[in-house]
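Quick note on my numbering: the sequence shown kicks off at 2 and runs consecutively.
Notes to accompany the following structure.
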Amino acid sequence: MVLNAPRDSATASTGAALAKPGECGNCARRASGSLEAKKAANKAVFVARATHYDDVNEKLGSDDGERFLYRHAKVRHRQAEDVEKVFGISDENGLLLMDRRMVLN
């Protein structure tokens, strides 16, 4: 038993243990629920990514794996080009046409 230990008035009167610095009693309980939800969400994302990459690796390992790889690269290249292309053509009323079909008509 420590004889000269300082005592907090709240601890002395109620006998309750002190909370960690920066926490109140209810804060820890609320945070634990949100922490569990966050962990569950992260686990769901991990499972989804793992199954996706398992499927991709299976396709790459098959006989058509090289064709799948080139198809995937072509799609990524087209998506990168779409970002760079901007249609800035105005119609006869001076309105800016952004839709490719409207520009071609």
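Quick reminder that beta carbons are idealized off the backbone N, C-alpha and C, glycines included.
Which value, in whole angstroms, describes the spacing of the CA atoms of residue i and residue j?
{"i": "L60", "j": "F47", "result": "Per the sequence shown, the amino acid found at residue 60 is Lys instead of Leu. Taking the straight line joining both Cα atoms gives about 20 Å."}
{"i": "V76", "j": "D56", "result": "18 Å"}
{"i": "R68", "j": "E82", "result": "21 Å"}
{"i": "H73", "j": "K44", "result": "27 Å"}
{"i": "N94", "j": "H78", "result": "35 Å"}
{"i": "Q80", "j": "Y71", "result": "14 Å"}
{"i": "G66", "j": "K39", "result": "36 Å"}
{"i": "R50", "j": "R102", "result": "36 Å"}
{"i": "S35", "j": "D92", "result": "53 Å"}
{"i": "A42", "j": "Y54", "result": "18 Å"}
{"i": "T52", "j": "E37", "result": "23 Å"}
{"i": "D184", "j": "N58", "result": "A question about residue 184 goes unanswered here, because the residues of the chain that appear run from 2 up to 106."}
{"i": "S33", "j": "G62", "result": "43 Å"}
Tell me the DSSP secondary structure of residue i in three-state form.
{"i": "L61", "result": "helix"}
{"i": "L36", "result": "helix"}
{"i": "L70", "result": "helix"}
My understanding is that residue i touches residue j, with C-beta atoms under 8 Å, so please give their C-beta distance in whole angstroms.
{"i": "L98", "j": "I90", "result": "5 Å"}
Determine, for residue i, whether the minimum Cβ-Cβ distance to residues of chain C falls below 7 Å.
{"i": "D65", "result": "Reference to chain C is not applicable here, since this structure consists of a single protein chain."}
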